[in-house]
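Worksheet: one structure, shown below.
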Amino acid sequence: MSKSGSSAWALGTAAADRLSQAGFVVSGWSRSPKSIDRIDCLDGDEGLRQLLSQSDIILCLLPLTADTIGLLNTDRLGWMKDGASFVNFARCRIVAVSALLAHLDVGRLRHVVLDIFDQEPLPEDSPLWDHPRITVLPHISAPTDLQSASRIVAVNIKSYRKTNEIQHTIDIARGY
71 MSKSGSSAWA
81 LGTAAADRLS
91 QAGFVVSGWS
101 RSPKSIDRID
111 CLDGDEGLRQ
121 LLSQSDIILC
131 LLPLTADTIG
141 LLNTDRLGWM
151 KDGASFVNFA
161 RCRIVAVSAL
171 LAHLDVGRLR
181 HVVLDIFDQE
191 PLPEDSPLWD
201 HPRITVLPHI
211 SAPTDLQSAS
221 RIVAVNIKSY
231 RKTNEIQHTI
241 DIARGY
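Note that this note's numbering has the sequence shown beginning at 71, numbered continuously upward.
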């Protein structure tokens, strides 16, 4: 058994909390209703429209599931506030990159930061490299700390032996 979506929810919650503590006014969106202290939580199609239309910066941390593939398509990116910026730390297939380029080229979006791509490494001839309003980040994370990783494995083994459950695992039905 697992805590459904616990790792994806924890990532978004942690980011929202840190940004709020840094003085940003933060809203969050998810498919289903959530409640987080100091965060305006939106959900569903209308919530996504509201979030995109009012936000100066969109930070995408969504998991890649059947429901999120192509979620940020041409139409939904058109809901974004004029002059907004977009940061994608989620899987590339959630966002229509060609639509992002089109919105940048007509001046609707101010800046885009991309961390992950359909093809990695990003091909040398990709238009993303040279676009003046796109920042391409190297898709890397921190190296694994053997001590902290060992503690996590030990806790999971202990939990499994006691309860037959491992905490913070992937929910196969949800896809994250």
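Each residue gets a CB set at the ideal place from its N, CA and C atoms; glycine is no exception.
All of these numbers come straight from a predicted model, not from anything done at the bench.
Residue environment, residue i, which counts as buried when at least 16 other CB atoms sit within 10 Å
i	result
W99	buried
P193	exposed
A86	buried
G82	buried
V182	buried
CA nearest to the CA of residue i, picked from the options
i	options	result
R203	Q91, D175, L131, I109	D175
A160	D188, A169, T233, G177	D188
H209	A169, S218, C162	C162
T138	S102, V182, S90, R88	S102
D110	G117, L118, S97, R119	S97
Helix, strand or coil at residue i [DSSP, three-state]
i	result
A172	helix
V95	coil
L129	strand
L122	helix
N158	strand
R88	helix
R180	strand
T205	strand
I186	coil
L142	strand
Proximity of residue i and residue j at Cβ, strictly below 9 Å
i	j	result
V206	L198	yes
T157	I128	Correcting the residue type first, residue 157 is Val in the shown sequence and not Thr. Yes.
K104	D115	no
C130	I164	yes
A154	L170	no
Do three or more CB pairs link the stretch 118-131 to the stretch 143-162 at distances below 8 Å? yes
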